[in-house]
Amino acid sequence: MKTETRGMLIGFIGIFIFSLTLPVTKIAVQSFNPYFIAFARAVLAGLLAAIYLFSIKAKLPSVRELRQFVIVAIGVVFIFPLFINLAMTEGEASHAGVILGIMPLATVIAGVLLFKERPSLGFWVSALVGCSLVVIYAFINSQGGIQYTDFLLLIACLANGISYAVGGNLSRIINAKEVISWALVIALPINALFSMLTFEPSYLQADLMAWSSFLYLSIFSMFIGFFFWYGGMAIGGIARVSQVQLLQPFCTLLASAILVSEPITSINIIFASLVIATVMIGRKMLVRRGSIVK
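For the record, in the sequence shown the residue sitting at position 195 is 195 according to UniProt numbering, with numbers rising by one throughout.
Printed below as a string of structure tokens:
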């Protein structure tokens, strides 16, 4: 198996884990404040990360690495979870999942600007076509208008794209498991403080489904999923593996139908097929990887 193909397959495992985040968040926000979910799930993930780093006797990051860890934390630990939680208090998980389909382009651009990756013209065309299909879908699905929650999701996409690229670069130097672990540990004090400030005693009365959703967001969406995602980008390259994200909206559609009973329409199926085709085409296009930025 080619290295890039292996990277894409490993990355897809991470994307599949992430694809359940929106519908599971939709369940969680029915019982918990969106701010509490964002901060508290990172606390649990941060504690697991600290245990992992201690168990492997990980060495402390350098000053340069620390700067990159902070960027990763700002995007994937703070901005992205908070903004999608706010979006899920009003919007549909299936619609939001498709909007997040522009993340591959944001990740590619970040990889090009920050780490000098050089995708070929054919790769750019396939990436832009895939993202355009996602945007067209979102426009059709919102009856020709842009919703307030779409702006929240757009900010989340931009922040995540940058953090994904930085994390992918770090994973070429440090084990992918350590990358997300250090980001979570660095953010742990802030998350712990705001978790306490946003906690309400009524949360203790939440049902099993609500707490199960919270645990999934903490353990899988916030922690384990990144083992595969950053690991895949370290193996196959930021630009190449980022295109696997184009499949995430449609995994989210399926998960939304199963978990929160949101319907799958013929439009969903048509656009899913077209986007998957762009991923398969983009996989064959040349991408020159940049040097590692330390």
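Beta carbons are placed, not taken as given, at the ideal position from N, Cα and C, and that holds for glycine.
#1: According to DSSP, is P119 helix, strand or coil?
#2: Taking 8 Å as the threshold (C-beta atoms), are A257 and P263 in contact?
#3: Tell me the rounded alpha-carbon separation between E4 and S171.
#4: Measure the beta-carbon distance from Y216 to F32 and round it to whole angstroms, keeping in mind my assumption that it falls under 8 Å.
#5: Inspect the beta-carbon positions of V98 and A138 and report whether they are closer than 8 Å.
#6: Roughly how many angstroms separate the alpha carbons of A210 and L121, rounded to a whole number?
#7: State the DSSP-derived secondary structure class of E90, mapped to helix, strand or coil.
#8: Whether or not the stretch 106-116 and the stretch 48-58 are in contact is what I'm after, with contact meaning three or more pairs of Cβ atoms, one per stretch, closer than 8 Å; do they touch?
#9: Is the beta carbon of V241 sitting closer than 8 Å to the one on G11?
#10: Give me the Cβ distance between L153 and V275, rounded to the nearest whole Å; I'm assuming they're in contact under 8 Å.
#11: Buried or exposed, going by whether 16 or more other CB atoms sit within 10 Å of the CB of S195?
#12: Going along the chain, which residues of its own chain have a beta-carbon closer than 6 Å to the beta-carbon of S291, five neighbours each way excluded?
#13: L113 to N169, Cα distance in whole Å?
#14: Could you check whether the stretch 70-88 touches the stretch 153-165, counting it as contact only if at least three pairs of C-beta atoms, one from each stretch, sit closer than 8 Å?
#15: Smallest Cα separation from V125: which of L253, Q243, G225 and A96?
#16: Identify which residue in M222, N268 and G237 has its Cα closest to the Cα of S20.
#17: In whole angstroms, give me the CA-to-CA distance for K59 and T265.
#18: Could you give the DSSP three-state label for L60: helix, strand or coil?
#19: Taking C-alpha atoms, which residue in I281, L254 and L259 lies nearest to I269?
#20: In whole angstroms, what is the alpha-carbon distance linking L48 and G91?
#21: Pick out whichever of R6, K2 and F18 has its Cα sitting closest to the Cα of L246.
#22: Are there 16 or more other CB atoms within 10 angstroms of the CB of I27, so buried, or fewer, so exposed?
#23: When we look at the beta-carbon of R41 and count the other beta-carbons within 10 Å, is it buried (16 or more) or exposed?
#24: With distances taken between CB atoms, is the gap from G130 to I238 smaller than 8 Å?
The short version:
#1: strand
#2: Yes. Within cutoff.
#3: Note on geometry: alpha-carbon atoms of E4 and S171 lie some 15 Å from one another.
#4: Not confirmed; about 13 Å, so no contact.
#5: yes
#6: 46 Å
#7: In this structure, DSSP gives E90 a state outside helix and strand, which the three-state scheme calls coil.
#8: no
#9: yes
#10: Not really, about 17 Å apart at Cβ, beyond 8 Å.
#11: Counting Cβ neighbours within 10 Å, S195 comes out buried, since at least 16 surround it.
#12: Confidence at S291 is low in this model, with a pLDDT of 49, below 50, so its placement is unreliable and the value that follows should be read with caution. Nothing meets the Cβ criterion.
#13: 12 Å
#14: yes
#15: Q243
#16: First, the residue type needs correcting, since residue 20 is Leu and not Ser in the sequence shown. Ranking the options by Cα distance to L20, first place goes to M222.
#17: 50 Å
#18: DSSP places L60 in coil when its eight states are reduced to three.
#19: L254
#20: When rounded, the distance between both Cα atoms is 31 Å.
#21: F18
#22: That one is buried.
#23: By the neighbour-count rule (16 or more Cβ atoms within 10 Å), R41 is buried.
#24: no
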